[in-house]
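Colleague: If you read the sequences in order, they're chains A and B.
Just so you know, we're using the numbering used here here: the first sequence kicks off at 43 and counts up by one.
Just so you know, we're using the numbering used here here: the second sequence kicks off at 43 and counts up by one.
Protein chains: 2
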Amino acid sequence: MKPRFQFTIHATEGKARTGVIQMRRGEIRTPAFMPVGTAATVKAMKPQDVRATGADIILGNTYHLMLRPGAERMARLGGLHKFMNWDRPILTDSGGYQVMSLSELRKITEEGVTFASHIDGSRHMLSPERSMEIQRLLGSDIVMCFDECPKIDQPRDVIARSMEMSMRWAKRSREAFDAGGDHAECSALFGIQQGALDESLRKTSADALAEIGFDGYAIGGLAVGEGQEAMFSTLDFAPGQLPADRPRYLMGVGKPDDLVGAVERGVDMFDCVLPTRSGRNGQAFTWSGPLNMRNARHAEDTGPVDPRCSCPTCATYTRAYLHHLIKAGEMLGAMLLTEHNISFYQQLMQGMRDAIAEQRFTAFAADFRRDYFRKE
Amino acid sequence: MKPRFQFTIHATEGKARTGVIQMRRGEIRTPAFMPVGTAATVKAMKPQDVRATGADIILGNTYHLMLRPGAERMARLGGLHKFMNWDRPILTDSGGYQVMSLSELRKITEEGVTFASHIDGSRHMLSPERSMEIQRLLGSDIVMCFDECPKIDQPRDVIARSMEMSMRWAKRSREAFDAGGDHAECSALFGIQQGALDESLRKTSADALAEIGFDGYAIGGLAVGEGQEAMFSTLDFAPGQLPADRPRYLMGVGKPDDLVGAVERGVDMFDCVLPTRSGRNGQAFTWSGPLNMRNARHAEDTGPVDPRCSCPTCATYTRAYLHHLIKAGEMLGAMLLTEHNISFYQQLMQGMRDAIAEQRFTAFAADFRRDYFRKE
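(1) So, is the C-beta of B:G120 closer than 9 Å to a C-beta in chain A?
(2) If you count every other CB in all the chains shown that lies within 10 Å of the CB of A:V295, and 16 or more means buried, which is it?
(3) State the beta-bridge partners of A:K149 as determined by DSSP.
(4) Using a cut-off of 9 Å between C-beta atoms, extract the partners of B:N127 located in chain A.
(5) Pick out whichever of B:M377, B:F279, B:G181 and B:P77 has its Cα sitting closest to the Cα of B:K245.
(6) If contact is defined by three or more beta carbon pairs under 8 Å, each pair taking one atom from either stretch, is the region 130–138 of chain B in contact with the region 99–118 of chain B?
(7) How is B:Y387 classed by DSSP in three states: helix, strand or coil?
(8) May I have a chain-ordered list of the beta strand (DSSP E) segments no shorter than 3 residues that lie completely inside the region 231–283 of chain B?
(9) What span of residues does the alpha helix (DSSP H) with B:Y363 cover, start to end?
(10) Within a Cβ cutoff of 7 Å, which residues of the same chain sit near B:D91, ignoring the five residues on either side of it in sequence?
(11) Would you tell me roughly how many angstroms separate the C-alpha atoms of A:I161 and A:A81, rounded to the nearest one?
(12) What's the C-alpha gap between A:N127 and B:Y359?
(13) Touch check for the region 343–362 of chain A and the region 342–353 of chain B: three-plus C-beta pairs under 8 Å?
(14) Comparing alpha-carbon positions, which option in B:H52, B:R307 and B:D183 lies nearest B:D129?
(15) Go ahead and pull the three-state DSSP assignment for B:R411.
(16) Less than 9 Å separating the beta-carbons of A:Y363 and A:P317?
(17) Does the beta carbon of B:H366 come closer than 9 Å to any beta carbon on chain A?
(18) What residues in the region 217–231 of chain B have a beta carbon less than 9 Å from any beta carbon of chain A?
(19) Verify the CB distance criterion: does A:R322 have a CB-CB separation below 9 Å to chain B?
(20) If you draw a straight line from the C-alpha of A:Q140 to the C-alpha of A:E146, how long is it?
(21) Closest to A:L284 by CA distance: which of A:F415, A:G331, A:F219 and A:Q236 is it?
(22) With DSSP run on the structure shown, which of helix, strand or coil describes A:F125?
(23) In three-state DSSP terms, what is B:F327?
(24) Determine, using beta carbons only, whether A:D313 and A:F49 come nearer to each other than 9 Å.
(25) Which residues, taken in chain order from the region 339–350 of chain B, show a beta carbon closer than 8 Å to some beta carbon of chain A?
(26) Cutting at 6 Å between CB atoms, please list the residues of its own chain near B:A250, excluding the five before and the five after it.
(27) Mind checking if A:T83 is an interface residue toward chain B, Cβ cutoff 9 Å exclusive?
(28) Can you name the residues of chain B whose CB is closer than 9 Å to the CB of A:A376?
(29) Where does A:F188 fall in DSSP's three states?
(30) Ordered along the chain, which non-local residues of its own chain (more than five positions away) have a Cβ less than 8 Å from that of B:P332?
(31) Between which two residues does the beta strand (DSSP E) containing A:I161 stretch?
(32) Are the C-beta of A:P111 and some C-beta of chain B separated by less than 9 Å?
(33) Can you check which of these residues, B:A260, B:T72 and B:L231, is closest to B:A238 by C-alpha distance?
(34) Can you list, in chain order, the residues of its chain with a C-beta nearer than 6 Å to that of A:F274? Leave out the 5 residues immediately preceding and following it.
(35) My output table needs one value for B:D195: the three-state DSSP class, helix, strand or coil.
(36) Just the chain B side, please: which residues come within less than 9 Å of A:A238 by C-beta, in chain order?
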């Protein structure tokens, strides 16, 4: 039988690692990028096309799914995998981040958060226990602890108190997850480190999580406006505070250069809306940097979006056509650019995995940055 | 070498006909439904998926394409087929209808129409000669004469004068098309019958077109608000006024029951935005009638949109999932329902072609109407 959750590191170079997570629904090659499927769809893509880009796992958002279609309804319909026709692993977040950024009339107590839906104003509650229940009802493969993600620019004592509550919530999440019967026996639970940019708070958080014990450890509370330099400074110490034999997941990151810099610092997993959202907005990521497809210089350019890219969009369509579609507001423009961007991200991850395996990741990262930041 | 344009009728039943049009870029099985690809894309579908539904030919809109990306630009980019990755036949309309319905500051003279773009207000001109030139620059396979499509509820003398001008424009279109060199030798030109609901005006128009001589003949000026009963009354005589050995194309039609009724009356070709537009709006066509996927009764329905449909959407997804996607405003909902609707239309056409070939079209049409109008 396939293991519930087994992480094997195949090679390292400096702090960078490559390996594989084995789970019941399939393998996740690391470093891994998880496309975001917020509302039971990776926006503007069919699931078979998401898989064809090389994605081993996608992310679903607990906050959105609990509001629509609803967790109990999803369970009656057979769970998220069947609902959206994705049979490989799905990681669900806890709802903690979105409830802070999207909902209204929030009230946070030690028990949890009550809030009003941004869709219809209806009242809801999230707590460690309810978040575990919802993620179980969805059928999540990798469940995230319920935590609070505080604004990054607050005083240290505010960040500390928030982190400490998140650690108490992590323990309650662990206990509620473990009580989950069959689901707990075939899925995994990740803890989330908090502490903003503060090394000692991050250390306290990491130790508290390790004491509880999780299948993997996320670095939370970053990519919230602190900038790449501050994020990298934090990543210079945060991953190393977490257990070395477990996957480390940097939540909500990021730009292609963020991913390379974070892998260099020991991160194994990522998720971000950037490739999908940018695709809908006419931005294409390439090995030569991002391109704004609305730019008039593409109007008669018969070359592909990225000559080094192997995706169906680049094999088939010209920059001129994509420029036209985006300018005309055509859905196909969003579809083709999303597919390109997700594929580009997967090619970047594959490039990093191969480079680490072959002990040439330092050169890979240098080449990447040289090409990505060179002006065309 | 493949013929430039050859129409072969394989079987008839009553006035209904089935056959094939052979052209350089491929065969068009008739009765044929042409998905509308207004701005060089069948909205929300990849071209290979359009083809997989069974579509032999698509339609492009001259008005939209002349404004964006522009006819001369399209020619520099290698033509519409290459631009949008569709290598089978494309029919382009003349721009005459859209310039009346979409543009601003129109001025119509015997020479043609001057107007302002609905996109940016820029000034443009369309005439029989310019329309032929644009359709040649696009690389159209079936070119439509430039005509005026008058409002249907005007006095007979207004309709008559408009029709007479359209017939003079048809002659100018023929002459301009024939002067088109290589393009004229590998593409076809269709005339457009006008005359609104009036049998004698329709006859005058049909005779004028036959005198000029075209590869096929369209019935124009219908599906503009007159209602199905008036449309069918007109189709009781209009197709029979046109040359029997040429394809008859009913422009801008229609609902599934419109198509069946028009095929019964001798029509061979159709185009309509309904399946694509409805798909984006959450409406699904089925053998049991149209469904509004927003309706709450679908929220936990694990059946397919249409159990008789063979499309990928019906093979893969539940009504519950499509309901969720449409309610959430997800692009994938529009993508999957558009694919279903175009596929349903193609299955309906295939059903009619098979039934006529097997001399059971009367029963097919009766069965269709019984199921389509029966309340679920």
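Glycine residues also receive a C-beta, built at the ideal position from the N, C-alpha and C atoms.
Modeller: Let me spell this out:
(1) Counting from 1 along the second sequence, the entry for residue 120 of chain B is found at position 78. B:G120 has a beta carbon lying within less than 9 Å of a beta carbon in chain A.
(2) By 1-based counting over the first sequence, the position of residue 295 of chain A is 253. Its Cβ being crowded by 16 or more others within 10 Å, A:V295 is buried.
(3) Indexing the first sequence from 1 puts residue 149 of chain A at position 107. Per DSSP, A:T156.
(4) Here residue 127 of chain B is taken as the residue at index 85 of the second sequence, counted from 1. At a C-beta separation below 9 Å, B:N127 has these neighbours in chain A: T358, Y359 and Y363.
(5) As a working mapping, residue 245 of chain B is identified with position 203 in the second sequence. Checking every option, the nearest Cα to that of B:K245 belongs to B:F279.
(6) The answer is yes - the region 130–138 of chain B touches the region 99–118 of chain B, with three or more Cβ pairs under 8 Å.
(7) Against the second sequence, residue 387 of chain B aligns to sequence position 345. DSSP places B:Y387 in helix when its eight states are reduced to three.
(8) The qualifying runs are 258–261.
(9) Counted from its first residue, the second sequence places residue 363 of chain B at position 321. Per DSSP, B:Y363 belongs to the alpha helix (DSSP H) from R361 to K369.
(10) As a working mapping, residue 91 of chain B is identified with position 49 in the second sequence. Same-chain partners within the cutoff: E381.
(11) Mapped onto the first sequence, residue 161 of chain A falls at position 119. Mapped onto the first sequence, residue 81 of chain A falls at position 39. A:I161 and A:A81 have their C-alpha atoms some 13 Å from each other.
(12) The residue you call residue 127 of chain A lines up with position 85 of the first sequence. The residue you call residue 359 of chain B lines up with position 317 of the second sequence. One C-alpha to the other measures close to 7 Å.
(13) The answer is no - the region 342–353 of chain B does not touch the region 343–362 of chain A, with fewer than three Cβ pairs under 8 Å.
(14) Looking up residue 129 of chain B in the second sequence gives position 87. Of the candidates B:H52, B:R307 and B:D183, the one whose C-alpha sits nearest the C-alpha of B:D129 is B:D183.
(15) If you number the second sequence from 1, residue 411 of chain B lands on position 369. If DSSP states are grouped into helix, strand and coil, B:R411 belongs with the helices.
(16) For the purposes of this step, residue 363 of chain A is identified with residue 321 of the first sequence, where counting begins at 1. For the purposes of this step, residue 317 of chain A is identified with residue 275 of the first sequence, where counting begins at 1. For A:Y363 and A:P317, no; Cβs fall outside 9 Å.
(17) Along the second sequence, one-based indexing puts residue 366 of chain B at 324. So yes, B:H366 belongs to the interface.
(18) Residues passing the 9 Å Cβ filter: none.
(19) Residue mapping note: residue 322 of chain A aligns to position 280 of the first sequence, counting from 1. Yes - at least one Cβ of chain B is within 9 Å of the one on A:R322.
(20) Against the first sequence, residue 140 of chain A aligns to sequence position 98. Against the first sequence, residue 146 of chain A aligns to sequence position 104. C-alpha separation (whole angstroms): 11 Å.
(21) In the first sequence, residue 284 of chain A corresponds to position 242, counting from 1. Of the listed residues, the one whose Cα sits closest to A:L284 is A:Q236.
(22) Residue 125 of chain A sits at position 83 when you count from the first residue of the first sequence. In this structure, A:F125 counts as helix in the three-state DSSP scheme.
(23) Indexing the second sequence from 1 puts residue 327 of chain B at position 285. The answer is coil: DSSP assigns B:F327 none of H, G, I, E or B.
(24) The residue you call residue 313 of chain A lines up with position 271 of the first sequence. The residue you call residue 49 of chain A lines up with position 7 of the first sequence. Not closer than 9 Å, so no.
(25) Taking 8 Å as the Cβ-Cβ cut-off against chain A, the residues of the region 339–350 of chain B that qualify are A341, E342 and T344.
(26) Residue 250 of chain B sits at position 208 when you count from the first residue of the second sequence. Hits under 6 Å: M209.
(27) The sequence position of residue 83 of chain A within the first sequence is 41, counting from 1. Yes, its Cβ sits closer than 9 Å to a Cβ of chain B.
(28) For the purposes of this step, residue 376 of chain A is taken as the residue at position 334 of the first sequence. Contacts between A:A376 and chain B, judged by CB atoms closer than 9 Å, involve M373 in chain order.
(29) Here residue 188 of chain A refers to the residue found at position 146 of the first sequence. Coil, per DSSP.
(30) Here residue 332 of chain B refers to the residue found at position 290 when the second sequence is read from its first residue. Excluding sequence neighbours, B:P332 sits near S320, Q325 and A326.
(31) By 1-based counting over the first sequence, the position of residue 161 of chain A is 119. Note, A:I161: premise wrong, no beta strand (DSSP E); not H, not E.
(32) Here residue 111 of chain A refers to the residue found at position 69 of the first sequence. It does: the Cβ of A:P111 has a partner Cβ on chain B nearer than 9 Å.
(33) Reading the second sequence from its first residue, position 196 is the one you call residue 238 of chain B. Checking every option, the nearest Cα to that of B:A238 belongs to B:A260.
(34) The sequence position of residue 274 of chain A within the first sequence is 232, counting from 1. Apart from sequence neighbours up to five positions away, the residues of its chain that approach A:F274 with a beta-carbon distance below 6 Å are G303, ordered along the chain.
(35) For this step, residue 195 of chain B is matched to residue 153 along the second sequence. If DSSP states are grouped into helix, strand and coil, B:D195 belongs with coil.
(36) Residue mapping note: residue 238 of chain A aligns to position 196 of the first sequence, counting from 1. Against A:A238, chain B offers no close residue; the least beta-carbon distance is about 33 Å (beta-carbon pairs closer than 9 Å).
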